[in-house]
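Residue numbers (UniProt numbering): 1 to 796.
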């Protein structure tokens with residue numbers, strides 16, 4: 001397609017679709033330029049002023065954009081709950097707006113005047129310019145209306161035609177995006193013969209793709225009038241006018257990516273995204289315009305997140321995560337994301353987030369897929385793979401009896417057979433990791449998809465790109481799982497070898513030894529459900545439910561591996577929007593990856609950032625009381641030694657037993673001073689400062705006051721000694737007069753000014769009845785014994 005000529009183009013009768021697109025475009029312009037219509041209840045005058053130095057900026061019909069006034073309803077504007085609009089209703093703002101616009105008196109019926117004109121300078125203008133700056137793919141997206149893709153796109157990856165699939169997932173995949181969606185002209189149209197050049201609204205088979213003109217070629221497929229400014233003040237103001245009309249109830253026409261992007265960002269700035277959500281969503285999900293979300297998922301993700309469009313957000317999120325997962329598994333990961341994905345798609349920016357959900361999800365995605373591969377490469381893969389391997393279960397019935405009661409020779413034969421079967425599967429799996437991507441229909445499909453956004457001159461074949469990936473990267477693509485699924489050589493494992501012997505020979509040798517073992521008079525082997533009296537030769541084992549058919553086994557393995565690969569390739573649940581350019585991506589996601597999405601998009605991100613924090617592991621023992629007070633009975637060893645009665649010891653006695661004692665040294669970041677807390681433990685009001693109450697060695701003596709206090713401290717609930725003494729040790733001096741009642745009679749009264757451990761010591765030294773738990777030989781002391789006169793308080 002050559003650049004637009006100064007001479008008028010030859011007239012060509014447009015198709016019906018093009019006529020409709022042109023008609024809608026011109027009708028929308030006329031509606032914007034008409035004078036305001038007075039309606040009952042419209043007491044607000046909205047004003048949008050155009051810059052005086054706009055120059056020859058005109059609409060497609062030749063009309064010049066001028067200052068616009070729109071009558072609006074006050075209650076409707078207030079109901080939008082926009083702080084920016086609400087601020088303009090304040091008396092101070094109203095006075096400033098009237099002074100700026102020259103309204104000494106208000107027109108009849110008008111109570112408020114709102115100025116929606118963008119600022120001419122300042123930080124707000126800088127922010128607006130950055131938000132409205134057209135991304136690369138938005139500027140180029142008009143080419144999607146001209147580009148005619150390869151018809152291979154209507155085939156599924158397995159070659160099935162869409163009408164044979166009876167699904168609509170790839171409908172219109174081989175068509176250009178409609179003129180009504182993407183071929184609308186800019187509000188500041190630069191085409192000198194706009195109304196006469198119908199060809200600019202038609203599909204053009206010569207358009208090579210949705211990308212810039214090549215610098216190495218003289219061929220140009222982008223007309224000059226399509227090279228719009230990245231930011232245009234006229235386009236900005238016209239978008240505001242369209243949004244104001246949409247608030248009044250008029251339909252919002254989005255017939256180009258440029259208009260869609262500008263209107264969406266303007267509505268976000270005005271804090272009225274609800275006005276444009278439905279039109280933008282319809283523009284993004286209308287086939288075949290869904291390709292925009294696949295070719296520029298970053299910008300679609302950015303819009304969907306700001307406008308809260310769940311379907312588009314989830315789909316683009318999966319695309320971005322799957323692409324990033326391949327980069328994360330690179331042999332030498334880059335600290336920044338490469339400018340292009342591994343398939344060659346140019347990357348863009350999707351905005352700043354306090355915590356990047358794509359990065360977190362990609363790492364979780366990598367962990368899950370890597371875990372699946374680790375499972376398939378594990379020694380117990382046949383036990384762990386989902387599905388029902390009946391032959392394997394039959395063989396595993398023999399494992400426990402043979403290992404517990406069989407001879408060493410039989411055990412070795414069994415283990416060698418299991419090892420050979422597992423090794424054969426692992427060889428097949430690793431071969432799939434090293435295989436090349438096959439040529440054929442799938443490769444042609446991927447190339448047709450990449451042709452949308454990559455010129456043929458710089459497009460590396462998909463087979464070469466896949467071959468350049470490492471093993472760890474390949475497992476992050478659907479191609480590896482398709483190769484693994486399509487493997488048909490599992491039956492050949494029956495004749496494979498392991499340690500110089502075929503698996504068939506190992507199987508025969510195992511059953512020979514098993515028969516000899518079962519026929520031996522000294523055999524202790526007991527297999528549930530097996531009648532040993534019926535065993536005469538190897539063939540007689542076949543009817544006893546312990547025979548292992550290797551041929552059936554590999555058929556079952558092939559079936560279950562195929563199902564597992566399908567679960568890795570085929571997306572789970574219904575697709576949010578149909579994808580036709582993403583067959584090179586692994587798009588099966590688990591809840592653990594999707595949890596980083598916002599709550600309104602079926603994720604767990606509530607805006608607090610908690611979903612991005614590490615999960616707190618479960619504690620071994622929880623608190624024995626509310627609040628931060630812990631009485632677990634565990635002893636944490638330190639570098640210091642503890643002296644009990646003068647004898648050094650590296651551990652402290654514990655009722656948990658030595659086997660459960662935590663003796664390793666630990667480093668804990670905490671204050672050296674005890675802190676006031678709400679614990680109900682004894683001595684909670686005592687604060688020990690480092691260096692004041694304990695020495696540098698942290699050593700204690702049995703005669704010291706701290707040691708004695710500790711002996712009377714509240715024990716842990718699980719400690720037997722603590723359970724026995726809990727009823728006899730008074731509660732932390734909460735009452736100066738404590739008494740016990742035995743069978744209705746008061747038998748003891750604590751002496752005043754004796755609290756905690758001190759009272760306990762006095763009771764032990766001066767009581768009328770010196771009761772010692774350790775002296776109770778029978779161990780059945782009962783407080784209800786009325787004959788025992790027990791005085792726990794000191795008696796002088």
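Yeah, the Cβ is synthetic: ideal placement off N, Cα and C, and Gly gets one too.
Counting only beta-carbon separations shorter than 8 angstroms, does residue 311 have a partner in chain C?
The question asks about chain C, but that chain is absent: this structure has only one protein chain.
Do the CB positions of residue 47 and residue 114 come within less than 8 angstroms of each other?
Cβ atoms of residue 47 and residue 114: closer than 8 angstroms.
Would you tell me roughly how many angstroms separate the C-alpha atoms of residue 549 and residue 559, rounded to the nearest one?
Residue 549 and residue 559 have their alpha carbons spaced roughly 16 angstroms apart.
If residue 177 sits next to residue 144, beta carbons under 8 angstroms apart, how far is it from one beta carbon to the other, in whole angstroms?
Confirmed, about 4 angstroms.
Nearest to residue 175 (by Cα), restricted to the options 452, 309, 485, 546:
When each option's Cα is compared against that of residue 175, the closest is 452.
Straight-line CA distance for residue 139 to residue 170?
Near 26 angstroms, if we compare the C-alpha coordinates of residue 170 and residue 139.
Just curious, the beta strand (DSSP E) that residue 115 is in, first and last residue?
Residues 112-115.
Residue burial classification, residue 600 (beta-carbon count within 10 angstroms, cutoff 16)
Under a 10 Å Cβ-count criterion, residue 600 is classified as exposed, with fewer than 16 other Cβ atoms of the shown protein chains found around its own Cβ.
I'd like the list of long-range same chain contacts for residue 525, defined as Cβ closer than 6 angstroms, with 5 residues on each side in sequence excluded.
Closer than 6 angstroms at the Cβ level, and outside the excluded window around residue 525, lie 401, 405, 406, 517.
Test item: CB-CB of residue 28 and residue 313 under 8 angstroms:
Contact annotation: residue 28 and residue 313 have beta-carbon atoms that are not nearer than 8 angstroms.
Give the range of the beta strand (DSSP E) segment to which residue 45 is assigned.
Unbroken beta strand (DSSP E) run through residue 45: 44-48.
Residue range of the unbroken beta strand (DSSP E) whose run includes residue 241:
According to the DSSP assignment, residue 241 belongs to no beta strand (DSSP E) but to the alpha helix (DSSP H) extending over 233-247.
Is it right to say residue 84 is buried, meaning 16 or more other beta carbons lie within 10 angstroms of its own, or is it exposed?
Classification for residue 84: exposed.
Reducing DSSP to helix, strand and coil, say where residue 13 ends up.
The answer is coil: DSSP assigns residue 13 none of H, G, I, E or B.
Reference residue 382; option with closest CA among 458, 471, 419
Checking every option, the nearest Cα to that of residue 382 belongs to 419.
Span separating the alpha-carbon of residue 305 from that of residue 121:
Looking at the two C-alpha atoms, the distance is approximately 28 angstroms.
Contacting residues, own chain, Cβ-Cβ under 8 angstroms from residue 87 (five flanking each side not counted)
So the qualifying residues of the chain are 93.
Output yes or no for whether 8 angstroms exceeds the beta carbon distance between residue 801 and residue 605.
Beyond the ends of the chain as shown, which are 1 and 796, falls residue 801; an answer cannot be given.
Report buried or exposed for residue 660, applying the criterion of at least 16 other Cβ atoms within 10 angstroms of its Cβ.
Reliability of the predicted coordinates at residue 660 is poor, the pLDDT of 48 falling under 50, and the value obtained from them is presented with this limitation in mind. Residue 660 is exposed by the Cβ-count criterion.
Using only CA atoms, which one of 103, 425, 476, 515 lies nearest to residue 385?
Closest option to residue 385, Cα to Cα, is 425.
Would you give the residue range spanned by the alpha helix (DSSP H) that residue 396 belongs to?
For residue 396, the enclosing alpha helix (DSSP H) begins and ends at 390-396.
When you compare only the Cα positions, how much space is there between residue 470 and residue 378?
One Cα belongs to residue 470, the other to residue 378, and the distance between them is close to 20 angstroms.
Have a look at residue 609 and residue 352 and give me their C-alpha separation to the nearest angstrom.
Here the alpha carbons of residue 352 and residue 609 stand approximately 14 angstroms from one another.
For the beta strand (DSSP E) containing residue 97, name the first residue and the last one.
Taken as a continuous stretch (DSSP letters only), residue 97 belongs to no beta strand (DSSP E), being part of the alpha helix (DSSP H) at 91-101.
Tell me whether residue 25 is buried or exposed, calling it buried when 16 or more other Cβ atoms sit within 10 Å of its Cβ.
By the beta-carbon neighbour count (other beta carbons within 10 angstroms, threshold 16), residue 25 is buried.
For residue 340, three-class secondary structure by DSSP
Residue 340 falls in the strand class under three-state DSSP.
Closest to residue 462 by CA distance: which of 443, 474, 519 is it?
Out of 443, 474, 519, 443 has the C-alpha closest to the C-alpha of residue 462.
Residue 364 vs residue 593 beta-carbon contact at 8 angstroms:
Residue 593 is positioned such that its CB atom lies closer than 8 angstroms to that of residue 364.
Where does the unbroken alpha helix (DSSP H) through residue 560 begin, and where does it stop?
Per DSSP, the unbroken alpha helix (DSSP H) holding residue 560 starts and ends at 550-569.
Opposing strand residues paired with residue 502 [DSSP bridges]:
DSSP links residue 502 through a beta bridge to 497.
Work out the CA separation of residue 450 and residue 581 for me, nearest whole Å.
Distance from the CA atom of residue 581 to the CA atom of residue 450, rounded to whole angstroms, is 7 angstroms.
So residue 566 and residue 485 are supposed to be a Cβ contact under 8 angstroms. How far apart are they, rounded?
About 7 angstroms separates the two Cβ atoms, so the contact holds.
Nearest to residue 612 by CA position, among 193, 360, 240, is which residue?
Cα-wise, what sits closest to residue 612 is 360.
What residues in its chain sit with their C-beta under 6 angstroms from that of residue 331, if we drop five residues either side in the sequence?
Taken in chain order, the residues that qualify are 470.
Alpha-carbon to alpha-carbon, residue 367 and residue 880:
The chain is shown from 1 up to 796; residue 880 falls before or after that span and cannot be answered.
Restricting to runs no shorter than 4 residues, where is the alpha helix (DSSP H) found entirely within the stretch 446-486?
462-467, 471-474, 478-486, all fully within the stretch 446-486.
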